[in-house]
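Each remark here refers to the structure printed beneath this line.
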Amino acid sequence: VYRTRYAALDSAGRPYASATADAVRGRTEVDRLNVCDPADEAAHGYAFHSALGNLLLQGTARIDRYGEGPMVADAGRAIIGSESFEVTASPGRDLVIVMRTAQVVPVAVMRPGASGSEPLQFVEADISVLAGDQPAAHARFRPAAEGWDEAILVVPGAAIVQSRTTLTLRGRYAAYRYWFFQ
27 VYRTRYAALD SAGRPYASAT ADAVRGRTEV DRLNVCDPAD EAAHGYAFHS ALGNLLLQGT
87 ARIDRYGEGP MVADAGRAII GSESFEVTAS PGRDLVIVMR TAQVVPVAVM RPGASGSEPL
147 QFVEADISVL AGDQPAAHAR FRPAAEGWDE AILVVPGAAI VQSRTTLTLR GRYAAYRYWF
207 FQ
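First residue of the sequence shown: 27, per the numbering used here; consecutive thereafter.
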């Protein structure tokens with residue numbers, strides 16, 4: 027039996043990439059979403075559909091480093107399909123979305139009669155964002171080959187028309203945690 031190391035769990039609550047710090051400089055965090063946390067997902071009206079053919083893909087935990095940075099344990103999902111959730115944000119202001127992601131993701135595969143965990147690789151991620159029902163942003167990027175990475179998406183202020191906005195993300199990517207800045 028090994029002693030639990032809580033530092034990896036404690037370090038999951040914030041972004042670490044230097045590009046993220048540059049992208050959100052001068053902005054304030056207005057909301058956050060911890061994917062695979064049932065209470066946080068419920069508070070944000072979170073829903074997802076992710077499948078590979080007829081195999082439903084479920085969330086799993088992952089432990090890795092940010093380059094030479096800290097070891098971080100986080101849970102998330104491989105998305106081949108879509109996610110939707112509500113975000114609190116000020117109407118008319120650009121919304122910067124920071125998403126923790128990774129190139130190789132363990133996925134829980136639900137099969138009739140047997141289930142298991144398998145790695146899935148996203149050499150290139152592709153995400154389209156809708157705010158309400160309107161197209162708002164699109165990103166295509168290559169997550170870091172090793173460790174954690176963070177993706178930055180910017181939703182123009184014109185797409186944020188209510189203080190509680192439903193965002194729908196569609197595509198192929200790994201999502202672990204979201205931070206929202208304005």
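For every residue, glycine included, the Cβ atom is placed at its ideal position computed from N, Cα and C. Computed from a predicted structure; not experimentally measured.
Whole-angstrom C-beta distance between residue j and residue i, which should lie under 8 angstroms
i: A49; j: V122; result: 6 angstroms
i: A185; j: A165; result: With a Cβ gap of about 15 angstroms, A185 and A165 do not count as contacting.
i: A45; j: I178; result: 7 angstroms
C-beta contact flag for residue i and residue j at 8 angstroms
i: A43; j: E172; result: no
i: D100; j: A38; result: yes
i: A87; j: V133; result: no
i: A115; j: V56; result: yes
i: W174; j: R58; result: no
i: V181; j: V155; result: yes
i: T192; j: S108; result: no
i: D120; j: Q208; result: yes
i: G102; j: V61; result: yes
i: I106; j: A68; result: no
i: G118; j: G183; result: yes
Identified DSSP bridge partners for residue i
i: I153; result: A165 and G197
i: P145; result: P132
i: D159; result: Note: D159 sits in no beta bridge, so no partner.
i: A177; result: M125
i: Y202; result: Per DSSP, none; premise fails for Y202.
Inter-stretch contact at 8 angstroms, needing at least 3 Cβ pairs: the region 121-132 / the region 193-205 | Contact holds: three or more Cβ-Cβ distances are below 8 angstroms.
Length at least 3, wholly inside the region 73-140: the beta strand (DSSP E) runs in chain order = Complete beta strand (DSSP E) runs here, min 3: 73-78, 81-84, 86-91, 97-114, 121-128 and 130-137.
Write down every uninterrupted run of the beta strand (DSSP E) in the region 37-77 whose length is 3 residues or greater and which is fully enclosed by it, in chain order.
-> Runs found: 55-60.
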